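Chains as they are written, first to last, in this note's numbering: chain A, 1 to 349; chain B, 350 to 698; chain C, 699 to 1047; chain D, 1048 to 1396.
Cβ coordinates follow ideal geometry from the N, Cα and C atoms, glycine included.
Keep in mind it's a predicted model, so treat the numbers as computed, not measured.
Number of protein chains: 4
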Amino acid sequence: MIIIMEKTATIENIKAVENILSEHGFRAILHEGDVHTVIDALGDKTTLSPDRLEAMEGVSHVKLIRQPYRLASRDRKPEDTVIEFDNGVKIGGANRPVYIVGPCSVDEDYDGLLQVATAAKEMGCQFLRGGAFKPRTSPYDFDGLGEKALQYLASAREATDLLVVTELMDSSDMDLVCDYADVIQIGARNMQNFRLLKAIGRCNKPVILKRGPANTIKEFLLAAEHIMYSGNEKVILCERGIRSFDDSFTRNLLDISAVPVIKKYSHLPIIIDPSHGTGQRYLIEPMSKAGLVAGADGIMVEVHYNPAKALSDGKQSLSIPQFREVFSKLNSLVDTLHLERKSVISNLD
Amino acid sequence: MIIIMEKTATIENIKAVENILSEHGFRAILHEGDVHTVIDALGDKTTLSPDRLEAMEGVSHVKLIRQPYRLASRDRKPEDTVIEFDNGVKIGGANRPVYIVGPCSVDEDYDGLLQVATAAKEMGCQFLRGGAFKPRTSPYDFDGLGEKALQYLASAREATDLLVVTELMDSSDMDLVCDYADVIQIGARNMQNFRLLKAIGRCNKPVILKRGPANTIKEFLLAAEHIMYSGNEKVILCERGIRSFDDSFTRNLLDISAVPVIKKYSHLPIIIDPSHGTGQRYLIEPMSKAGLVAGADGIMVEVHYNPAKALSDGKQSLSIPQFREVFSKLNSLVDTLHLERKSVISNLD
Amino acid sequence: MIIIMEKTATIENIKAVENILSEHGFRAILHEGDVHTVIDALGDKTTLSPDRLEAMEGVSHVKLIRQPYRLASRDRKPEDTVIEFDNGVKIGGANRPVYIVGPCSVDEDYDGLLQVATAAKEMGCQFLRGGAFKPRTSPYDFDGLGEKALQYLASAREATDLLVVTELMDSSDMDLVCDYADVIQIGARNMQNFRLLKAIGRCNKPVILKRGPANTIKEFLLAAEHIMYSGNEKVILCERGIRSFDDSFTRNLLDISAVPVIKKYSHLPIIIDPSHGTGQRYLIEPMSKAGLVAGADGIMVEVHYNPAKALSDGKQSLSIPQFREVFSKLNSLVDTLHLERKSVISNLD
Amino acid sequence: MIIIMEKTATIENIKAVENILSEHGFRAILHEGDVHTVIDALGDKTTLSPDRLEAMEGVSHVKLIRQPYRLASRDRKPEDTVIEFDNGVKIGGANRPVYIVGPCSVDEDYDGLLQVATAAKEMGCQFLRGGAFKPRTSPYDFDGLGEKALQYLASAREATDLLVVTELMDSSDMDLVCDYADVIQIGARNMQNFRLLKAIGRCNKPVILKRGPANTIKEFLLAAEHIMYSGNEKVILCERGIRSFDDSFTRNLLDISAVPVIKKYSHLPIIIDPSHGTGQRYLIEPMSKAGLVAGADGIMVEVHYNPAKALSDGKQSLSIPQFREVFSKLNSLVDTLHLERKSVISNLD
């Protein structure tokens, strides 16, 4: 840490900082500039929070040299994390990018869900997604079928061998959701629901952690750190669009650069969600391609057997014929570019 | 609702929209422009979601005429909501703005907490705040004392007659927190934790709902709507700063204009939190004043008996002497301007 | 236009709106809802600004049905605009994406510039870029060599046959810059310098218009509309990153989705600038690829013969060997995917 | 400056940084951490840009200790700058806040302008504002009367003794605008039109510099630095609202906290513009009050003799009766609180 003192800091202020640093086992090196005094503090930041130093009299601000996440950091683990399932499916590293598709929320029509799952299997997808519990901005909107939806997903899994991805919204549903799902999803609005992040450690299933719409990459990696720190290292990051000042053409702004940035600083797999990321059906194909060539380990796309009857997110869902058309182009891109051998860590700094 | 069709929409597309509208009891009026066909739909939006219409073929987008919140809306209830406590304290309407002060998180030093509470009482504050469960961006930071903190707050209440405000982070702590608190706080990061919003209906205590750092005013009012719809109408809104592109001088950007905007469109009380809203001690006084003259029903400020020892948010906390100095100026402002008779609903449109 | 009246609007307010509409040749259709009265106005918006209606008593707000740009709109001109140069180079439509490379600013070392230009030619680039007049945030930074830089660029053009792109910052330099450049660049900070946009009509050279860091796509297309309206239809749009709340890993947030969005709504060519768009050398390759597969008509990248000696933007510039490495990969991507036959307008809506 | 090296930096990389620092007269102090090497560089940053260091091999990033503006900084000049006019009007320091009012753009009706000016004089305003050249997002909107407008403003000045404020959009209009205006305004979209900022040094008139809608406070102060550096130290800063993710209730987000932040770090006067800052007539009163109690040295408000006929910005303009009502309340606030003795520099850090 580097502690920058106020211009008006007194000798007592500086002494007080030195004392607290020394109490916590830091080595402090003082530099007196013509305006500010600057203190280099070398030691273990987990024992003394920068916040506490910033609150001291005479301290202007504290600058960190190292990133605050550790378990998620590539510094700690240079090789890519690969998550493997019992059926041999793998996410991350030099593996072929995975596809996760399905309706935003599961509705009463099981047959429709099965049609989607069957088509998904045919097009080479590995995962079926569907919401049983849905976060909705308005209390007047449909918020999910609950356990019935989980049963439908399990039946579709049996019929197709796809793995099931579904969202956990509250720690009280933990055991129920873990019973049915192969992968637990933490939604964007819950990315900083720290109690939920802690709880997820109790379930030994891989987690898809979606980036919050207004969260920085640092906060995103720190949320992954929460899950890993509570015992579950199988975290798959998901970029799903952030909030920008322009929402007239797209619902969110899909941050493609987050993919290579995260590849550089973390070993965790990262996928993208162009459905939520743009909110527009016509953008799914170009943005999926963009994410894949930028190094994404998978894509998650909403597919519904009848988008006009979808109880949520119809506008950003593909119908089954549209899905076939778009994914045959994605398959062709992945094959042509040999993305199963992708390696995107740049040697440029 | 107004449904704007794509330039390329077919007669069948338009018919399909008309049919679904008629099925749901809407009256549809067609306008054929030279480029787009536009359909006015008059009826009850709770029976047919705009999302569903937007997903139909040939539909470009849907524009809403009325706001989607109802219970929170001033259209439904023109007079200000006033929340009254057993000890006679009132929030909202033409009442004197209230003060809510205390440490970010309650720590082991009960005596320090009591010093803050005693000073608060002397300066005319009505509420003592303090965190028992703390959301922390990093898993390595202190996350609260739990029930012990609630007991400390209860003791300080007994000693001073201040009302207690504390945060609920997870629905599983609901009964515990309700037992101790006079007012439940929903933190900014949980503003769209819809399960928590629903749960809060079970507890018959007033709620302070903090605006999410990247949430619009419409989403803020819809979150209040969730709580009200689940049975608890005693919602106090709290503006606490939003995320902007500039965080070099302030941690968040305190949106003072949210106060008069919300006063115009909702009947609920609204307070501001300049500590989180700016992250800077020196901004607490000017921003508190700004919020008060703009019509806020109260302010919430972090006060700690020793900010340099605070386990969280020290930089934005006032020490007890600083608190006395700032609040005597605020008291003088409130007295001089007779803000106890504030009425801020403008007759300009 | 659709005019939504306030709940409190009087019959006189409504009559006044109807009168002004009729004076300007609009047809007005009234809908009285149970809360709001809504007026559909059919007519030519250029004769009556929505602003003026919004200022009238009793008017809540005005919603537009059609986009406010015309010349730039794909509705008016469904086929892609292709800009052709005397030497046969073409930008836009189904043509192979172009490459525009060179130093951020031209410095005293002509030989260095020539090395860049020679390498650019060898790698298949069509354009050499370089700044003669530089906008700099701080007055203490280098702001360009002026005419000398233009002469250097012209010499490099003679030596390599590359076309020259350079920025115009002030209308007073118009004739000078037009004399030397093949393409005039309007910088991001000048995107809404409307006098400059007007002036550019006097010069019959193609224009690269960069998107302002906080400008919406609508404002971007309206800025293009300004140039087209003043007589110059050869506008090339350039997405170069927008300002977001997260600047710890990237200088700006490169909005890849702007490419397919603009392709859908406008016929103008669009290129991307991953150097400014990210500010990081290691992101140039993945983001160039992402832009290309999303449909960009070209990319603009900073290349310097010695980035560590660059007087501006060294961190985001490629050295010549790095440039060769990255662009041989881009060439391979373009060849493998046959991007010279790109056609990205989706038939999904 | 503090230079943080990459984990992978070689001894040669570090040596190269030390060499360039020593060439430019910096003293370099090396700290080898267990992960990163960090170099403290003490010297004059104007001679060596951090950009250049960041571009060097092995450098991760550079952190600045001192702010990059000097002339605008309170470090250099602790006492408030007060700008005084020939007629005795003063802006800044402990002076009574000034009022700047008038129409967004001056139109053909001189009599209407005179009515506004007369009312302004009566209510204690010191300045009449009006646009002669208007930046407009769409080329189809009214863009100003030009010199005729300047003549109208001059006539109104003669009739009322108000000082005239008008916007300069292009350096070619410099002499014309300087001839007529008492204060030159630089619009928000031109805040980083560096050629214009330089040009303004040639005119010995005070300048109102508006903050760009997406510019940080640091960039704002650097833009002021540009003007001061080119010879004109009479800069009045104006906060006029920034772009946020929420524009459904307000056009921009008026950043009230910018007032006390700038007071702390700069000696320049700062005013606010609640008309552009919110875009809503009903917010002018509460936001003016908020700005004044937070320490603003003045407010700028749009007043039109007939907002419904205004050719621009009618929705955010006050009519003359509304203006009288709002400003009599503001006068009362200023009198009651003795804001003529305002002193807002907090002694808290």
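Which residue or residues does DSSP assign as beta-bridge partners of residue i?
{"i": "Ala199 of chain A", "result": "Ala199 of chain A is not bridged to any residue."}
{"i": "Ala1075 of chain D", "result": "D:Ala1088"}
{"i": "Cys238 of chain A", "result": "A:Lys210 and A:Ile271"}
{"i": "Ser73 of chain A", "result": "A:Ser266"}
{"i": "Glu782 of chain C", "result": "C:Lys788"}
{"i": "Gly1060 of chain C", "result": "In the structure as shown, chain C starts at 699 and stops at 1047, and residue 1060 of chain C therefore has no counterpart that could be examined."}
{"i": "Gly480 of chain B", "result": "B:Ser454"}
{"i": "Leu1210 of chain D", "result": "D:Phe1174"}
{"i": "Val532 of chain B", "result": "B:Val514"}
{"i": "Met5 of chain A", "result": "A:Val59"}
{"i": "Leu1365 of chain D", "result": "D:Val1350"}
{"i": "Leu1048 of chain C", "result": "Here chain C comprises residues numbered 699 to 1047, so residue 1048 of chain C is not present and cannot be evaluated."}
Pick out whichever of the options has its Cα sitting closest to the Cα of residue i.
{"i": "Phe672 of chain B", "options": "B:Leu397, B:Met472 and B:Met350", "result": "B:Met472"}
{"i": "Thr467 of chain B", "options": "B:Leu502, B:Asp662 and B:Cys587", "result": "B:Leu502"}
{"i": "Gly451 of chain B", "options": "B:Lys439, B:Val465 and B:Asp460", "result": "B:Val465"}
{"i": "Tyr578 of chain B", "options": "A:Ala223, A:Pro260, A:Asp141 and A:His36", "result": "A:Asp141"}
{"i": "Gln665 of chain B", "options": "B:Leu686, B:Arg630, B:Arg415 and B:Ala645", "result": "B:Arg630"}
{"i": "Ile242 of chain A", "options": "A:Met174, A:Ala294, A:Ile91 and A:Asn252", "result": "A:Asn252"}
{"i": "Asp684 of chain B", "options": "B:Val447, B:Arg589, B:Phe594 and B:Lys612", "result": "B:Val447"}
{"i": "Lys1389 of chain D", "options": "D:Arg1113, D:Arg1099, D:Pro1115 and D:Gly1140", "result": "D:Gly1140"}
{"i": "Gln409 of chain B", "options": "B:Leu570, B:Ile369, B:Asn362 and B:Arg419", "result": "First, the residue type needs correcting, since residue 409 of chain B is Ser and not Gln in the sequence shown. Looking at the Cα atoms, B:Asn362 is the closest of the given residues."}
{"i": "Ser836 of chain C", "options": "D:Asn1134, D:Glu1194, D:Asn1142 and D:Arg1117", "result": "D:Arg1117"}
{"i": "Val1001 of chain C", "options": "C:Leu990, C:Asp871 and C:Ala818", "result": "C:Ala818"}
{"i": "Met754 of chain C", "options": "C:Val715, C:Ile789 and C:Gln765", "result": "C:Val715"}
Could you check if residue i is buried or exposed, using at least 16 other CB atoms within 10 Å of its CB as the buried criterion?
{"i": "Val261 of chain A", "result": "buried"}
{"i": "Ala9 of chain A", "result": "buried"}
{"i": "Val1082 of chain D", "result": "exposed"}
{"i": "Ile378 of chain B", "result": "exposed"}
{"i": "His616 of chain B", "result": "buried"}
{"i": "Glu32 of chain A", "result": "exposed"}
{"i": "Glu108 of chain A", "result": "exposed"}
{"i": "Lys1181 of chain D", "result": "buried"}
Members of the stretch 1101 to 1112 of chain D that neighbour chain A once the beta carbon cut-off is set at 9 Å:
Glu1104, Gly1105, Val1106, Ser1107, Lys1110 and Ile1112
Is there contact here, the stretch 634 to 647 of chain B with the stretch 664 to 683 of chain B, by at least three beta-carbon pairs under 8 Å?
yes
Using a Cβ cut-off of 7 Å, which residues of the stretch 844 to 860 of chain C contact any Cβ in chain A, in chain order?
none
Tell me, please, whether the stretch 823 to 831 of chain C touches the stretch 841 to 860 of chain C by the rule of three or more beta-carbon pairs shorter than 8 Å.
yes
If contact means a Cβ-Cβ distance below 7 Å, which residues of the stretch 800 to 816 of chain C contact chain D?
none
contact_flag[the stretch 1214 to 1228 of chain D, the stretch 946 to 956 of chain C] where n(CB pairs < 8 Å) is 3 or more
no
What are the residues in the stretch 469 to 492 of chain B lying within 9 Å of chain A by C-beta distance?
Phe482, Lys483, Pro484, Arg485, Thr486, Ser487, Pro488, Tyr489, Asp490, Phe491 and Asp492
Tell me which residues of the stretch 1304 to 1318 of chain D have at least one Cβ-Cβ distance to chain B shorter than 8 Å, keeping chain order.
Ser1304, Val1306, Pro1307, Val1308, Lys1311 and Tyr1312
Along the stretch 731 to 749 of chain C, where does the CB come closer than 8 Å to a CB of chain B? Name the residues.
Gly731, Val733, His734, Val736, Asp738 and Leu740
Is the stretch 896 to 914 of chain C in contact with the stretch 872 to 886 of chain C, if contact means three or more CB pairs nearer than 8 Å?
yes
Got a sec: which bits of the stretch 1115 to 1131 of chain D sit with their beta carbon under 8 Å from any beta carbon on chain C, in order along the chain?
Pro1115 and Tyr1116
Do the stretch 777 to 786 of chain C and the stretch 394 to 406 of chain B touch if we need at least three Cβ pairs shorter than 8 Å?
no
Cβ-based contacts, 7 Å cut-off: residues of the stretch 872 to 887 of chain C near chain D
Arg887
Check each residue of the stretch 1338 to 1368 of chain D: if its Cβ is closer than 8 Å to any Cβ of chain C, include it; give the result in chain order.
Pro1354, Ala1355, Lys1356, Ala1357, Leu1358, Ser1359, Asp1360, Gly1361, Lys1362 and Ser1364
Interface positions of the stretch 234 to 251 of chain A facing chain D (Cβ-Cβ less than 7 Å), listed along the chain
Arg243, Ser244 and Phe245
Along the stretch 897 to 930 of chain C, what residues have a CB closer than 7 Å to any CB found in chain A?
Ala912, Thr914, Ile915 and Lys916
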